[in-house]
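Peer 1:
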Amino acid sequence: MCGHSYCVACLHHLLVSALDGGQFPLVCLGNDSHCKTPIPIPVIKRFLTPTLFNRLLEVAFKYHVSTHPEVFRFCKTPDCTQIYRSTSSRAAVNLRCPSCFSGVCSSCDMPHEGQTCVEYERTKSAERGRQEDAWIAAQGGRMKKCPKCTTLIEKTGGCNRVTCKLVSNSLLPPNVGRLTQSF
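Count along the sequence shown starting at 1, add 26, and that's the number in my numbering.
(1) Could you please give the first and the last residue of the uninterrupted alpha helix (DSSP H) stretch that includes Lys-174?
(2) On the premise that Gln-108 lies in contact with Cys-123, defined as a C-beta separation below 8 Å, what is that separation, rounded to the nearest angstrom?
(3) Measure from the alpha carbon of His-138 to the alpha carbon of each residue in Phe-127, Arg-154, Asn-120, then state which is nearest.
(4) The beta strand (DSSP E) with Arg-99 in it runs from where to where?
(5) So the beta strand (DSSP E) Gly-129 belongs to, where does it begin and stop?
(6) Are the stretch 86-105 and the stretch 59-70 touching, with three or more C-beta to C-beta distances below 8 Å?
(7) Please work out which residues of its chain come closer than 8 Å, Cβ to Cβ, to Ala-35, disregarding the five sequence neighbours upstream and downstream, and give them in chain order.
(8) Assuming Thr-113 contacts Ser-133 under a Cβ cut-off of 8 Å, what Cβ separation, rounded to an integer in Å, is found between them?
(9) Measure from the alpha carbon of Leu-41 to the alpha carbon of each residue in Arg-111, Val-130, Cys-54, Ser-59, then state which is nearest.
(10) Out of Gly-183, Thr-189, Ile-70, Arg-116, which one is the CA nearest neighbour of Pro-173?
(11) Ignore the nearest five residues each way along the sequence and tell me which others in Ser-115's own chain have a CB closer than 7 Å to its CB.
(12) Should Ala-163 go down as buried or exposed, given a rule of 16 or more other Cβ atoms within 10 Å for buried?
(13) Report the rounded CA-to-CA distance for Thr-177 versus Tyr-146, giving the unit in angstroms.
(14) Rounding to the nearest angstrom, what Cα-Cα distance links Gln-207 and Arg-187 in this structure?
(15) For Ser-59 and Thr-77, I'd like the C-alpha separation in whole angstroms.
(16) Exposed or buried, Val-97, counting other C-beta atoms within 10 Å across all chains shown (16 or more means buried)?
(17) Based on the DSSP secondary-structure assignment, which residues constitute the bridge partners of Arg-111?
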């Protein structure tokens, strides 16, 4: 270790406080927190009960998985504790969770057996577009997409001219007139 001294109670408190979502690796806080030398596992094990040590290992492992999503991912099913190795889109594999049996792609983290990630995203995008168009139609004419940036614009009152703030595009509702450009 680095040579900094701790009282037993302080070191125990530092280690136990990491169970509540601490930062890892656990490091020495000596020299006004500038030391940053990692605390070796044998030292940690010496100051914790076996139960606390195992819990700390679990917390540290979950922290590592959650901070490295390019390498590991958790199963998306709520309460499922399984993890899997993520891959690039070129190496994508459809996986089945051994605990909850849900399907997932190792690259995009979505279930799409029989499709590539690109095909799946295209299908999902088209479906979102259909759902959005149906929702807009159900709003009784008070919603419209800006034809330049496709941002939804809602007319709640006032005159019939509506301006998209993103691209300064002026719109008229379909029953009043056609799209006009304001300069």
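We put the CB at the ideal spot given by N, CA and C, even for glycine.
Computed from a predicted structure; not experimentally measured.
Peer 2: On the basis of the supplied data:
(1) Careful: Lys-174 lies outside any alpha helix (DSSP H) and carries neither H nor E.
(2) That pair is a contact at about 5 Å.
(3) In terms of Cα proximity to His-138, the closest of Phe-127, Arg-154, Asn-120 is Asn-120.
(4) Run containing Arg-99: 98-100, per the beta strand (DSSP E) assignment.
(5) Residues 129-131.
(6) The answer is no - the stretch 59-70 does not touch the stretch 86-105, with fewer than three Cβ pairs under 8 Å.
(7) Taken in chain order, the list of residues that qualify is empty.
(8) Contact between Thr-113 and Ser-133 holds: CB atoms are separated by about 5 Å, below the 8 Å threshold.
(9) Each of Arg-111, Val-130, Cys-54, Ser-59 was checked against the Cα of Leu-41, and the nearest Cα belongs to Cys-54.
(10) Cα-wise, what sits closest to Pro-173 is Thr-189.
(11) The beta carbon of Ser-115 sits closer than 7 Å to those of Ser-133, Cys-143, all from its chain and outside the five residues before and after it, given in chain order.
(12) Classification of Ala-163: exposed, given that the 10 Å Cβ count is below 16.
(13) Cα to Cα, the separation comes out at about 24 Å.
(14) Caution applies to Gln-207, whose pLDDT of 37 falls short of 50 and renders its modelled position unreliable; the model cannot decide the point.
(15) Cα-Cα distance, rounded: 28 Å.
(16) Exposed, by the Cβ-count rule.
(17) When beta bridges are read from the DSSP output, Arg-111 appears opposite Phe-98.
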